[in-house]
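Below is one structure, written out as structure tokens; the observations come after it.
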Amino acid sequence: MTLTVLAVGAQATVQDLGRPGHAGLGVPVGGAADREALRSANRAVGNPVDAAALELLLGGLEVQTDSAAILAVTGAPSSVWRNAVPVPFGESFAVRPGDRVRIGTPVIGLRSYLAVRGGLRAAQLYGSASTNPTADLGPAPLAPGDRWELADSADDEPTLGFSPTSTVHPPQQELTVRVVLGPRDDWFTGPALQQLTWASWEVSAEADRVGVRLTGPTIERARTGELASEGMVRGAIQVPASGQPIVFGPDHPTTGGYPVIGVVVDADLDQLWQARPGTGVRFRTVPPPW
Numbered sequence: 001m002t003l004t005v006l007a008v009g010a011q012a013t014v015q016d017l018g019r020p021g022h023a024g025l026g027v028p029v030g031g032a033a034d035r036e037a038l039r040s041a042n043r044a045v046g047n048p049v050d051a052a053a054l055e056l057l058l059g060g061l062e063v064q065t066d067s068a069a070i071l072a073v074t075g076a077p078s079s080v081w082r083n084a085v086p087v088p089f090g091e092s093f094a095v096r097p098g099d100r101v102r103i104g105t106p107v108i109g110l111r112s113y114l115a116v117r118g119g120l121r122a123a124q125l126y127g128s129a130s131t132n133p134t135a136d137l138g139p140a141p142l143a144p145g146d147r148w149e150l151a152d153s154a155d156d157e158p159t160l161g162f163s164p165t166s167t168v169h170p171p172q173q174e175l176t177v178r179v180v181l182g183p184r185d186d187w188f189t190g191p192a193l194q195q196l197t198w199a200s201w202e203v204s205a206e207a208d209r210v211g212v213r214l215t216g217p218t219i220e221r222a223r224t225g226e227l228a229s230e231g232m233v234r235g236a237i238q239v240p241a242s243g244q245p246i247v248f249g250p251d252h253p254t255t256g257g258y259p260v261i262g263v264v265v266d267a268d269l270d271q272l273w274q275a276r277p278g279t280g281v282r283f284r285t286v287p288p289p290w
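When you line the sequence shown up against the UniProt record's numbering, it's residues 1 to 290, in that order.
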């Protein structure tokens, strides 16, 4: 049972829920940028929520199966065709040997997820099959002609499913994300800390799986000099010398030397990685959860 890649859009990679627990070895967690969309795709086809699937940047993927299979596409809403016939987005659907499935460009958002019942057979590294091109971990990004083995068959015609959380939030001109200040908020002036939440930021074109650079007013420091490298986490808002904040994503470096003014609440991160350049972002401070 194989899935053959016929065409790839901007980028397509294998992703699961990543490699937690290995930062001490310099291994980033990685994994799906929109984790809930990945879970939804896997739920729709009856997989464990952490099964490996395909993450598509701006759609454009076309694949062909050589056997019966159950598929689902979730995340950024896109048109999906099976042999040029539309199939529902966010619901599982069956394919037969030789069928072609094509996923169009999303109408909103950036990243869609294609799951196959049983998951993809991909080598595990530190407990994950996720691709991290920056750290050279996991399988290479997909290319036309690639063939992927499927881990299960659909010969017994399982019940098709629908995932109620299969799409990104409705289009918004501005996102509001919660942030816990620190650990280096003392490196910034009082007005700068106020500015973080008063200002309207904008997602810049410098946005990828490593981080999203936001543009807006300059965040001024209260101290000069630089920090020694410190451990970083997904959602850390690092402020480089330019004063323009960068929110770290799944493929972030495990250490960094710029001060972290705050950390975005984990539950709010997935939507940020569906935000296209030009989307407005506002921060709302919340107390730490401890």
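Each residue gets a CB set at the ideal place from its N, CA and C atoms; glycine is no exception.
Item                                                                                                                             : Value
Top-ranked residue by Cα proximity to Val8, from Leu61, Thr65, Val281                                                            : Leu61
Beta-carbon gap between Ser92 and Gly30 smaller than 7 Å                                                                         : no
Option in Arg35, Gln244, Leu58 with minimal Cα separation from Asp50                                                             : Arg35
Inter-residue spacing [alpha-carbon to alpha-carbon] between Asp136 and Val14                                                    : 13 Å
Beta-ladder partner(s) of Tyr126, from DSSP                                                                                      : Bridge partners of Tyr126: none, in fact.
Contacts around Val45, its chain only, beta-carbon distance under 6 Å, and the 5 residues preceding and following it disregarded : Ile70, Ala72, Ser92, Ala115, Arg117
Sequence-distant residues of its chain with Cβ nearer than 7 Å to Tyr126 (five each side left out)                               : Arg19, His22, Val27
Reference Leu142; option with closest CA among Pro240, Ala12, Leu58, Gly119                                                      : Ala12
Where Gln244 falls: helix, strand or coil (DSSP)                                                                                 : coil
Sequence-distant residues of its chain with Cβ nearer than 7 Å to Ala205 (five each side left out)                               : Pro277
For Gln15, the three-state DSSP class (helix, strand or coil)                                                                    : strand
Meets three-Cβ-pair contact criterion under 8 Å: the segment 94-104 and the segment 256-270                                      : no
Ala241 versus Leu227 - alpha carbon distance                                                                                     : 12 Å
DSSP state of Gln194 mapped onto helix, strand, coil                                                                             : helix
Where the beta strand (DSSP E) containing Glu202 begins and where it ends                                                        : 201-207
For Leu38 and Thr285, the rounded distance between their alpha carbons                                                           : 28 Å
The beta strand (DSSP E) enclosing Ser112, as first and last residue numbers                                                     : 111-116
Beta-carbon proximity of Asp266 to Asn132, cut-off 7 Å                                                                           : no
One or two residues paired with Gln238 in a DSSP bridge                                                                          : Ile246, Val260
Spatial neighbours of Ala236 in its chain, beta-carbon cut-off 6 Å, leaving aside the 5 residues before and after                : Phe248, Val260, Val263
Distance CB(Gly119)-CB(Ala52) smaller than 7 Å                                                                                   : yes
Extent of the continuous alpha helix (DSSP H) to which Val5 belongs                                                              : Here Val5 belongs to no alpha helix (DSSP H); instead the beta strand (DSSP E) covers 2-7.
Cβ neighbour criterion (16 or more within 10 Å) applied to Asn47                                                                 : buried
DSSP state of Asp156 mapped onto helix, strand, coil                                                                             : Low per-residue confidence applies at Asp156: pLDDT is 49, beneath 50, and the placement is therefore not dependable enough to give any value.
Option in Asp66, Thr105, Ala68 with minimal Cα separation from Val80                                                             : Thr105
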